[in-house]
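The structure under discussion appears below in the form of structure tokens.
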Amino acid sequence: MIGLDGMAWDIFARLFEHNAMPFLRNIINDTARGILYSTIPPTTAPAWTTLASGVNPGKHSIFDFLRVTRQGIRLVSSLDVKYPRIHEMLSVLGLRSLVVNLQLTYPIRPLRGTMVISDLIAEEVPYYPEELGIYAKRYPHYGKVVHAITRYGITDAKKRAEVAIRIYDVDIRRRVKVLCELAKKTNWDLLWAVITEPDALLHHAYDYVVSGDYRVLRIFNTIDRFIKECSKIADITVLVSDHGFRLYKYAININR
């Protein structure tokens with residue numbers, strides 16, 4: 059299972075027009091595909107949790123990365139997820155799972171047969187069991203772009219886009235190298251890897267993506283190589299996304 063955060067068919071179509079992702083473009087017409095309804099709200103935290111658990115946000119209780127209470131606002135974590143996810147279910151059945159960057163797997167629950175490299179909300183890249191350390195320590199943390207923008211106080215949209223593209227252009231190659239090693243060298247029945255670069259690029263550099271900036275195309279071509287490698291290893295390869303993207307000028311947030 060390869061998760062491409064934030065991808066939708068219209069984004070794929072734009073990339074294909076620029077001859078990006080050649081492997082996926084060549085096989086797409088010979089595969090089963092469709093448009094799935096996302097969750098309500100159609101955002102990262104609830105959607106990936108629903109994909110992995112099979113239940114809606116009303117049951118697993120994740121509606122956002124933040125939880126607003128009368129006491130204040132806090133980040134949610136794996137401790138807030140009320141339903142087991144697929145790697146946890148497979149553990150009960152004695153099957154092995156390799157899970158990389160599935161949202162809200164931190165703190166990691168040390169279950170038999172599960173190998174987890176978590177990310178995003180943790181300060182460093184956590185992992186379980188210990189033998190995954192040789193991979194996790196080479197796996198780039200997704201927080202680098204946010205840290206760079208915050209550290210240098212970058213407010214200009216174009217400069218933020220350039221920072222994001224520059225960092226992801228380097229990190230995706232390192233990330234895919236680690237993912238390919240994990241896929242080939244570890245023993246698993248299920249591999250579930252979520253790649254967050256599409257979502258991050260569409261947030262920070264939407265115009266660069268749809269216009270076919272050569273650096274952005276290089277990033278997506280690197281992701282395409284990972285898809286190709288997985289298709290050689292796995293019996294079945296499934297690509298899935300949590301939500302799509304649109305440009306909006308206004309938003310209304312209702313917290314009370």
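Mapping of the sequence shown onto my numbering: position 223 corresponds to residue 281, and the numbering continues sequentially without gaps. Idealized CB from N, CA, C, for every residue including glycine.
Ignoring anything shorter than 3 residues or poking outside the segment 168 to 211, list the beta strand (DSSP E) runs there in chain order.
172 to 175
Buried versus exposed call for W67 [16 or more other C-beta atoms within 10 Å across all chains shown]
exposed
Rounded to whole angstroms, how far is the Cβ of I131 from the Cβ of A103, which I believe are closer than 8 Å?
With a Cβ gap of about 14 Å, I131 and A103 do not count as contacting.
Would DSSP call V384 helix, strand or coil?
For the chain, the structure presents residues 59 to 314; residue 384 sits outside this window and is missing.
Do the segment 219 to 230 and the segment 273 to 292 meet, that is, are 3 or more Cβ pairs less than 8 Å apart?
yes
Can you pull the DSSP bridge partners for V234?
Answer by DSSP bridge pairing: none, since V234 is not bridged.
Have a look at the DSSP bridge pairing and note the partners of I225.
Residue pairing by DSSP places I225 opposite no residue, since no beta bridge is assigned to it.
How big is the Cα-Cα spacing for E220 and F278?
The alpha-carbon atoms of E220 and F278 are separated by roughly 16 Å.
Beta strand (DSSP E) segment containing A251, residue limits:
L248 to I253
Can you check whether the CB of L153 is closer than 9 Å to the CB of L240?
no
Check whether the Cβ atoms of S111 and A105 sit closer than 9 Å, and answer yes or no.
no
Do you know offhand how far A8's Cα is from E182's?
Since the first residue of the chain shown is 59 and the last is 314, residue 8 is not available in this structure.
Can you check DSSP and say which residues form a bridge with R125?
R132
What three-state label does DSSP hand I144 in the structure shown?
helix
For the 8 Å Cβ check, are there 3 or more pairs between the segment 78 to 98 and the segment 131 to 145?
Verdict: no, contact absent.
Quick check on the burial criterion: 16 or more other C-beta atoms within 10 angstroms. Buried or exposed for I69?
Label assigned to I69: buried.
When you compare each of I253, I223 and L169 to V236 by their alpha carbons, which one comes out closest?
Scanning I253, I223 and L169 for the CA closest to the CA of V236 turns up I253.
With DSSP run on the structure shown, which of helix, strand or coil describes G30?
An answer regarding residue 30 cannot be provided, because it is not within the stretch 59 to 314 covered by the chain.
Does DSSP classify V274 as helix, strand or coil?
helix
Answer yes or no: do V296 and M59 have a C-beta to C-beta separation smaller than 9 Å?
yes
Please return the same chain residues whose Cβ sits closer than 8 Å to the Cβ of L178, not counting the five positions on each side in sequence.
N159, Q161, Y164, Y200, G201 and T254
Since V298 and R72 should fall inside the 8 Å C-beta cutoff, what is the C-beta to C-beta distance between them, to a whole number of angstroms?
Not quite, the Cβ-Cβ distance comes to about 19 Å (not below 8 Å), so this is no contact.
Is it buried or exposed, Y308, if we count other Cβ atoms within 10 angstroms and call 16 or more buried?
It counts as exposed.
From P187, L169, T107 and W250, pick the residue whose C-alpha is nearest to that of H118; which is it?
Check the Cα spacing between H118 and each of P187, L169, T107 and W250: the tightest is with T107.
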